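Protein chains: 2
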Amino acid sequence: MALKARVLYDFHGENPGEISIAENELVTVFTEEELEGWLEGENTRGEVGLFPASYVELIKDHISSSASNNGLSSPKAIAAQSPAHTSHTSSDSPSHRGFKVGSGGGSIFNTSQGSDDDWDDDWDDGSTPAHGPQGFSTTPPMYPVTTSLPSRRSSQQQAKSSATVGRNLNRFSTFVKSGGEAFLLGEASAFVKDGDKIVVVMGKHWPEWQEDPYPFTCTIDDPTKQTKFKGMKSYMSYGLTPTHTNVQVNRRYKHFDWLYARLVERFPVISVPHLPEKQATGRFEEDFISKRRKGLIWWMNHMTSHPVLAHCDVFQHFLTCGADEKAWKMGKRKAERDDLVGANFFLTISTPAVPLDLQEVENKIEGFKTFTKRMDENIVVMNTTIGEFSRKQMTGFKKEYQKVGQSFRLLGQAFELDQQAYSAGLNRAIAYTGESYEAIGEYFAEQPRQDLEPISDLLDLYKGHLANFPDIVHVQKGALTKVKDCPKQEGELHERCNIISCATLAEIQHFHRTRVRDFRSQMQHHLRQQISFFQKITAKLEDALLKYDDDQ
Amino acid sequence: MALKARVLYDFHGENPGEISIAENELVTVFTEEELEGWLEGENTRGEVGLFPASYVELIKDHISSSASNNGLSSPKAIAAQSPAHTSHTSSDSPSHRGFKVGSGGGSIFNTSQGSDDDWDDDWDDGSTPAHGPQGFSTTPPMYPVTTSLPSRRSSQQQAKSSATVGRNLNRFSTFVKSGGEAFLLGEASAFVKDGDKIVVVMGKHWPEWQEDPYPFTCTIDDPTKQTKFKGMKSYMSYGLTPTHTNVQVNRRYKHFDWLYARLVERFPVISVPHLPEKQATGRFEEDFISKRRKGLIWWMNHMTSHPVLAHCDVFQHFLTCGADEKAWKMGKRKAERDDLVGANFFLTISTPAVPLDLQEVENKIEGFKTFTKRMDENIVVMNTTIGEFSRKQMTGFKKEYQKVGQSFRLLGQAFELDQQAYSAGLNRAIAYTGESYEAIGEYFAEQPRQDLEPISDLLDLYKGHLANFPDIVHVQKGALTKVKDCPKQEGELHERCNIISCATLAEIQHFHRTRVRDFRSQMQHHLRQQISFFQKITAKLEDALLKYDDDQ
Numbered sequence: 300m301a302l303k304a305r306v307l308y309d310f311h312g313e314n315p316g317e318i319s320i321a322e323n324e325l326v327t328v329f330t331e332e333e334l335e336g337w338l339e340g341e342n343t344r345g346e347v348g349l350f351p352a353s354y355v356e357l358i359k360d361h362i363s364s365s366a367s368n369n370g371l372s373s374p375k376a377i378a379a380q381s382p383a384h385t386s387h388t389s390s391d392s393p394s395h396r397g398f399k400v401g402s403g404g405g406s407i408f409n410t411s412q413g414s415d416d417d418w419d420d421d422w423d424d425g426s427t428p429a430h431g432p433q434g435f436s437t438t439p440p441m442y443p444v445t446t447s448l449p450s451r452r453s454s455q456q457q458a459k460s461s462a463t464v465g466r467n468l469n470r471f472s473t474f475v476k477s478g479g480e481a482f483l484l485g486e487a488s489a490f491v492k493d494g495d496k497i498v499v500v501m502g503k504h505w506p507e508w509q510e511d512p513y514p515f516t517c518t519i520d521d522p523t524k525q526t527k528f529k530g531m532k533s534y535m536s537y538g539l540t541p542t543h544t545n546v547q548v549n550r551r552y553k554h555f556d557w558l559y560a561r562l563v564e565r566f567p568v569i570s571v572p573h574l575p576e577k578q579a580t581g582r583f584e585e586d587f588i589s590k591r592r593k594g595l596i597w598w599m600n601h602m603t604s605h606p607v608l609a610h611c612d613v614f615q616h617f618l619t620c621g622a623d624e625k626a627w628k629m630g631k632r633k634a635e636r637d638d639l640v641g642a643n644f645f646l647t648i649s650t651p652a653v654p655l656d657l658q659e660v661e662n663k664i665e666g667f668k669t670f671t672k673r674m675d676e677n678i679v680v681m682n683t684t685i686g687e688f689s690r691k692q693m694t695g696f697k698k699e700y701q702k703v704g705q706s707f708r709l710l711g712q713a714f715e716l717d718q719q720a721y722s723a724g725l726n727r728a729i730a731y732t733g734e735s736y737e738a739i740g741e742y743f744a745e746q747p748r749q750d751l752e753p754i755s756d757l758l759d760l761y762k763g764h765l766a767n768f769p770d771i772v773h774v775q776k777g778a779l780t781k782v783k784d785c786p787k788q789e790g791e792l793h794e795r796c797n798i799i800s801c802a803t804l805a806e807i808q809h810f811h812r813t814r815v816r817d818f819r820s821q822m823q824h825h826l827r828q829q830i831s832f833f834q835k836i837t838a839k840l841e842d843a844l845l846k847y848d849d850d851q
Numbered sequence: 300m301a302l303k304a305r306v307l308y309d310f311h312g313e314n315p316g317e318i319s320i321a322e323n324e325l326v327t328v329f330t331e332e333e334l335e336g337w338l339e340g341e342n343t344r345g346e347v348g349l350f351p352a353s354y355v356e357l358i359k360d361h362i363s364s365s366a367s368n369n370g371l372s373s374p375k376a377i378a379a380q381s382p383a384h385t386s387h388t389s390s391d392s393p394s395h396r397g398f399k400v401g402s403g404g405g406s407i408f409n410t411s412q413g414s415d416d417d418w419d420d421d422w423d424d425g426s427t428p429a430h431g432p433q434g435f436s437t438t439p440p441m442y443p444v445t446t447s448l449p450s451r452r453s454s455q456q457q458a459k460s461s462a463t464v465g466r467n468l469n470r471f472s473t474f475v476k477s478g479g480e481a482f483l484l485g486e487a488s489a490f491v492k493d494g495d496k497i498v499v500v501m502g503k504h505w506p507e508w509q510e511d512p513y514p515f516t517c518t519i520d521d522p523t524k525q526t527k528f529k530g531m532k533s534y535m536s537y538g539l540t541p542t543h544t545n546v547q548v549n550r551r552y553k554h555f556d557w558l559y560a561r562l563v564e565r566f567p568v569i570s571v572p573h574l575p576e577k578q579a580t581g582r583f584e585e586d587f588i589s590k591r592r593k594g595l596i597w598w599m600n601h602m603t604s605h606p607v608l609a610h611c612d613v614f615q616h617f618l619t620c621g622a623d624e625k626a627w628k629m630g631k632r633k634a635e636r637d638d639l640v641g642a643n644f645f646l647t648i649s650t651p652a653v654p655l656d657l658q659e660v661e662n663k664i665e666g667f668k669t670f671t672k673r674m675d676e677n678i679v680v681m682n683t684t685i686g687e688f689s690r691k692q693m694t695g696f697k698k699e700y701q702k703v704g705q706s707f708r709l710l711g712q713a714f715e716l717d718q719q720a721y722s723a724g725l726n727r728a729i730a731y732t733g734e735s736y737e738a739i740g741e742y743f744a745e746q747p748r749q750d751l752e753p754i755s756d757l758l759d760l761y762k763g764h765l766a767n768f769p770d771i772v773h774v775q776k777g778a779l780t781k782v783k784d785c786p787k788q789e790g791e792l793h794e795r796c797n798i799i800s801c802a803t804l805a806e807i808q809h810f811h812r813t814r815v816r817d818f819r820s821q822m823q824h825h826l827r828q829q830i831s832f833f834q835k836i837t838a839k840l841e842d843a844l845l846k847y848d849d850d851q
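The listed protein sequences correspond, in order, to chains W and R.
Here our numbering is used: position 367 in the first sequence is 666, and no number is missing along the way.
Here our numbering is used: position 27 in the second sequence is 326, and no number is missing along the way.
Next up, the structure:
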């Protein structure tokens, strides 16, 4: 059952196992089953190997009727398909991850679905399918989820493939996965209650999320160790107290994790902050717990200050549902069956009266891309510099001050060999000065935790956001490209593209506002800490100086 | 004319050219001329080579009548000699260096008679013998001066050789060179005016120099460049203004150098502070001038606060003689022909009524030896530590703060890509914070000059004193040993030993007092500088913090 396929674009095999194919060439495809976006086949020169699935179009007559139609259909074939699958009304996979999975590598925040230290501990009824260690969900019928973009050329080639308003050939495109494409093509459909409406208003220059009329914050207490199954299982429990209820609820890390997965699939163009990493290093358990808690606080701050995220049902359920197991499960199931995820999210967006100028949107998006690139680069530099500075303070600076302190102390001890009354005061003072320098060495060693680590945590949080935005921007760019290339269907497409653009720009604007707020407050915190650090040193030295007046 | 000599102590040749000789062995001496304390000869095993002159006793019958009798006489032979040579009434060697030469190696203060940058420039009449580049004087008849103790065992073996009250066999012994031995043996004689009397009083526990009834200080201005011979010669001139005359005199470094030489030969048991090093490094001329001036200030402070040194004729001449060339030369010649140098110095000492208990003196001296050893060790450690700390601040610390500052500035620049009004204030504030950190880096680099260098200078001054004291202590020990071994001549010997002991202990006491004073004031200075340094940093950071409130 050798299939034939027409090559849509030139592809030059560069790596072992790949073969080159030319536009309009007819190639043989050995099996229609893709291997991470690649097909195996033979070109007209008789070479056998791999080529990207998205570069070819299977010859219609040979299309198999198999349900596993993984992106091999021609645009027309798919356009003819029913949109019935586009709203997956139930996701029975609580750990379903969405398209941002794995994009934040390197930061303390991550989204990988590794087994948590307390993950294997059942916390829900049997209706939830069991998770393997990696816990990835089975793919929903039409929009497969994966952890990485398999084709190295996907985004570049994507532009080419949008020559007609049809489905995107690359199933791994964020535009597709997020539901952006489906929405743009009018395939999204769901019932949107008034309470679900998300309003984008026109700010001075940018669309913005409507300001939160009921702002609140939420504290996270030090986690406590809990046990269950008669002490067989233990886990850390975080007490969360949102200010709008002022009632504490207890949550475990895996609850955050579950919530995160819901949010990611729910909001295609909103940057859901990454959770702090989950791998317990074991050796530094207390450090790890403290670090995770700090990460969760940053996470929570971003959540509660986001007008959309803060008030979405699943987050409110997470923040307010008490110890009633039944109520928790009900809310959980409701969230997992939420109709307004992915493509349908865009149905909830209410835009400003005047549509945006698409050219201006494009400029803004381009500007933002440049911004994020620069910021990302600088975060890397800054994190390295700060890390190095911390290390130097904790080792080198400390050592230098302690060595000086020690040499003062030794001199004081040598001087003590002279037992005459008039030298005793000096000896004590020098000894005290030595101790002071040793203490100052300790101050230096302890300081980075107070003023550099918080900056580093902030940078990590923003590194997560910066890792989210390429995908978000990609959704908007996908819509824009499609609309530009097809003026015929302007009315509806433009309207839907405007919705996507409004949401994207509102999210970008929100990013900038929180960035300015967060960096301002963190820099202030840093400087205040530094000031009190140097004041502490000064006080110590003033103390030492006084000793030279005593006993003179 | 092969001489014979009897070996007094075993000597094991360890280095090439040395031969071993055994006690009581009769060896052949090829020439009685010593080579820096060594003789050449042949032992009974036929080995030819060098052995220490002080380890052998030339056989009497063979003693040459030559005038160059350099320590080869047997004790008796020497005891029979006339004491006529002991008071060298005129020293025509203005650069005569005394016995402390070369003992302060490694410090910024030194006593070596190297050619100064302006030394070759004539400043006196032709009656002064010309100086070679190393400028060492011809040795006075009886007490040769050298820059180092030639025998590695001299001080240990010294004790053995004092079995009878005779001359010391080792002509390089400080006890001998200083004139201590000659004085103890009653060979010193000179006319002592009342004005020359130096009074030692009994303090609470220690003999002390009588307090200076006319204390004064002396300022040293920044040196000015002077020229002579129509600009052919240039030199630095220091303006000195002693408070007791309040008239400025101008002196060059070589004047200090000449004065130093006078003081060293004049006062056998007084620690004359070493002058700052004279080698101009050339490349850092300004640094060098500033460093030398600081060294001269320390030197001057010690001089003016020393009851004996401050009021001695030569120092007063140095401080008060104006521009009158003739008056200067007269004073200069007078000082160079001073009768009360070396052994005769002790004739000027007036002791407390009750003689010291020699055992107690010995204990005190022993205690002081322990003290100086410990202090010397600790000065080395401290100087190294401080030097390293300075270096770290000037390079590492500076670099770290500047790197952090730079990364802040870069982040600020990245943020400037977002041109929205609400972010402008933050961007400026972050940029300012970056600059502040870079400034703080500079502060760190500049600070050591303010607070570590002065300590280092102080340590150098004291390193010089500590290098002086072994010789001073040696003089006293030499006297004590002689007295203990010879109870017969108790009366006179004891009295003279008491004089040496009183002077030595008074000097030790003075050392302790100035040490306590100097270290107290320097530590205070250091701490005050450090405090204002950290306050400056704090102010800079407070400044930066304010920027985050502006434009918000």
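We put the CB at the ideal spot given by N, CA and C, even for glycine.
Every value quoted in this text rests on a predicted model; they were computed, and no experiment measured them.
Inset, instruction - Kindly indicate which three-state DSSP category S488/W falls into: helix, strand or coil? - result: Position 189 of the first sequence, counting from 1, holds the residue named residue 488/W. Correct three-state label for S488/W: coil.
Inset, instruction - Using the Cα positions of Q692/W and F696/R, report the straight-line distance between them to the nearest angstrom. - result: For the purposes of this step, residue 692/W is taken as the residue at position 393 of the first sequence. For the purposes of this step, residue 696/R is taken as the residue at position 397 of the second sequence. The straight-line gap from Cα to Cα measures roughly 9 Å.
Inset, instruction - My understanding is that A304/W touches E356/W, with C-beta atoms under 8 Å, so please give their C-beta distance in whole angstroms. - result: Within the first sequence, the letter at position 5 stands for residue 304/W. Within the first sequence, the letter at position 57 stands for residue 356/W. About 6 Å; that satisfies the 8 Å criterion.
Inset, instruction - Please state whether DSSP places T427/R in a helix, a strand or coil. - result: For the purposes of this step, residue 427/R is identified with residue 128 of the second sequence, where counting begins at 1. With a pLDDT of only 36 at T427/R, under the threshold of 50, the placement of this residue in the model should not be trusted, and no figure is reported.
Inset, instruction - Give the secondary structure of R344/W by DSSP, where H, G and I count as helix, E and B as strand, and everything else as coil. - result: Here residue 344/W refers to the residue found at position 45 of the first sequence. In the three-state reduction of the DSSP assignment, R344/W falls in the coil class, being assigned neither a helical nor a strand state.
Legend entry - Three-way DSSP call (helix, strand, coil) for Y308/W in this model: Reading the first sequence from its first residue, position 9 is the one you call residue 308/W. In the three-state DSSP reduction, Y308/W falls in the coil class, being neither helix nor strand.
Legend entry - chain R within 8 Å of N662/W, Cβ atoms only: One-based indexing of the first sequence puts residue 662/W at position 363. No, N662/W lies away from the interface with chain R (no Cβ there is under 8 Å from its Cβ).
Inset, instruction - Use the C-beta contact count for G763/R: other C-beta atoms within 10 angstroms, 16 or more gives buried, fewer gives exposed. - result: Here the question's residue 763/R lines up with position 464 in the second sequence. Taking every protein chain shown into account, the CB of G763/R has 16 or more other CB atoms within 10 angstroms, so this residue is buried.
Inset, instruction - Tell whether a beta-carbon distance below 8 Å holds between T837/W and Q834/R. - result: In the first sequence, counting from the first residue as 1, residue 837/W sits at position 538. In the second sequence, counting from the first residue as 1, residue 834/R sits at position 535. Going by C-beta atoms, T837/W is nearer than 8 Å to Q834/R.
Inset, instruction - Compare the Cα-Cα distances from E480/W to each of L845/W, V782/W and A778/W and report the closest residue. - result: For this step, residue 480/W is matched to residue 181 along the first sequence. Comparing Cα positions, the closest option is A778/W.
Inset, instruction - Determine the direct distance from the alpha carbon of F670/R to that of W505/R, and round the result to whole angstroms. - result: Here residue 505/R is taken as the residue at index 206 of the second sequence, counted from 1. Here residue 670/R is taken as the residue at index 371 of the second sequence, counted from 1. If you take the alpha carbons of W505/R and F670/R, they lie about 16 Å apart.
Legend entry - Nearest neighbour of G316/R, chosen from N323/R, T330/R, G340/R and E332/R [CA to CA]: In the second sequence, the residue the question calls residue 316/R occupies position 17. Minimum Cα-Cα distance from G316/R among the listed residues N323/R, T330/R, G340/R and E332/R corresponds to G340/R.
Inset, instruction - Using a Cβ-Cβ cut-off of less than 7 Å, give me the residues of the region 669-681 of chain W that come near chain R, in sequence order. - result: Taken in chain order, the members of the region 669-681 of chain W whose beta-carbon sits within less than 7 Å of a beta-carbon on chain R are T669, F670, R673, M674, N677, V680 and M681.
Legend entry - Helix, strand or coil at C517/R [DSSP, three-state]: For the purposes of this step, residue 517/R is taken as the residue at position 218 of the second sequence. Here C517/R carries a strand assignment [DSSP, helix/strand/coil].
Inset, instruction - List the residues of chain B whose Cβ lies closer than 8 Å to the Cβ of V703/R, in chain order. - result: No chain B appears in the structure shown, which is made up of the protein chains W and R.
Inset, instruction - For E317/W, write down the residues that DSSP places opposite it in a beta bridge. - result: In the first sequence, counting from the first residue as 1, residue 317/W sits at position 18. Paired residue(s): L349/W.
Legend entry - Assigned secondary structure, N323/W (DSSP; H/G/I helix, E/B strand, else coil): For the purposes of this step, residue 323/W is identified with residue 24 of the first sequence, where counting begins at 1. The answer is coil: DSSP assigns N323/W none of H, G, I, E or B.
Legend entry - Contact list for L844/R against chain W, beta-carbon separation under 8 Å: Counting from one through the second sequence, the residue named residue 844/R turns up at place 545. Going along chain W in sequence order, the residues near L844/R (Cβ under 8 Å) are Q823, L826, R827 and I830.
Inset, instruction - Say whether chain R places a C-beta atom closer than 8 Å to the C-beta of H722/W. - result: Along the first sequence, read from residue 1 onward, the residue named residue 722/W stands at position 423. The question names His, but residue 722/W in the sequence shown is Ser. At least one chain R Cβ lies under 8 Å of S722/W.
Legend entry - Under 8 Å between C-beta atoms of V498/W and Q775/W: As a working note, residue 498/W is residue 199 in the first sequence. As a working note, residue 775/W is residue 476 in the first sequence. Cβ atoms of V498/W and Q775/W: not closer than 8 Å.
Legend entry - Cα-Cα separation between W557/W and V640/W, rounded to whole angstroms: Mapped onto the first sequence, residue 557/W falls at position 258. Mapped onto the first sequence, residue 640/W falls at position 341. If you draw a straight line from the Cα of W557/W to the Cα of V640/W, it comes to about 15 Å.
Legend entry - Coarse secondary structure for I497/W, derived from DSSP in three states: As a first step, residue 497/W must be located in the first sequence, where it is residue number 198. Reduced to three states, the DSSP call for I497/W is strand.
Inset, instruction - Apply the 10 Å Cβ neighbour rule to M531/R and answer buried if 16 or more other Cβ atoms are within range, or exposed otherwise. - result: Locating residue 531/R in the second sequence gives position 232, counting from the first residue. It counts as exposed.
Inset, instruction - Name the one or two DSSP bridge partners that Y328/W has. - result: Translated into positions along the first sequence, residue 328/W becomes position 29. The sequence shown places Val at residue 328/W, not Tyr. V328/W is bridged to L302/W and G340/W.
Inset, instruction - Please report how far the alpha carbon of Y308/R lies from the alpha carbon of Y354/R, in whole angstroms. - result: Locating residue 308/R in the second sequence gives position 9, counting from the first residue. Locating residue 354/R in the second sequence gives position 55, counting from the first residue. Cα atoms of Y308/R and Y354/R: separation of roughly 6 Å, rounded to the nearest angstrom.
Legend entry - Through-space distance from R591/W to R727/R, alpha-carbon basis: Residue mapping note: residue 727/R aligns to position 428 of the second sequence, counting from 1. Residue mapping note: residue 591/W aligns to position 292 of the first sequence, counting from 1. Looking at the two C-alpha atoms, the distance is approximately 32 Å.
Inset, instruction - Report yes or no: do the region 754-768 of chain W and the region 592-611 of chain W share at least 3 C-beta pairs separated by less than 8 Å? - result: Enough Cβ pairs lie closer than 8 Å, so yes.
Inset, instruction - With 8 Å as the threshold, decide whether the Cβ of G405/R is near any Cβ in chain W. - result: Here residue 405/R is taken as the residue at index 106 of the second sequence, counted from 1. With a pLDDT of 39 at G405/R, under the threshold of 50, the predicted position of this residue should be treated as unreliable, and no value is reported.
Legend entry - Near-chain R residues of the region 785-811 of chain W (beta-carbon distance less than 8 Å), N- to C-terminal order: Hits within the stretch, in order: H811.
Inset, instruction - Tell me, please, whether the region 644-653 of chain W touches the region 801-808 of chain W by the rule of three or more beta-carbon pairs shorter than 8 Å. - result: At 8 Å Cβ cutoff, the stretches touch.
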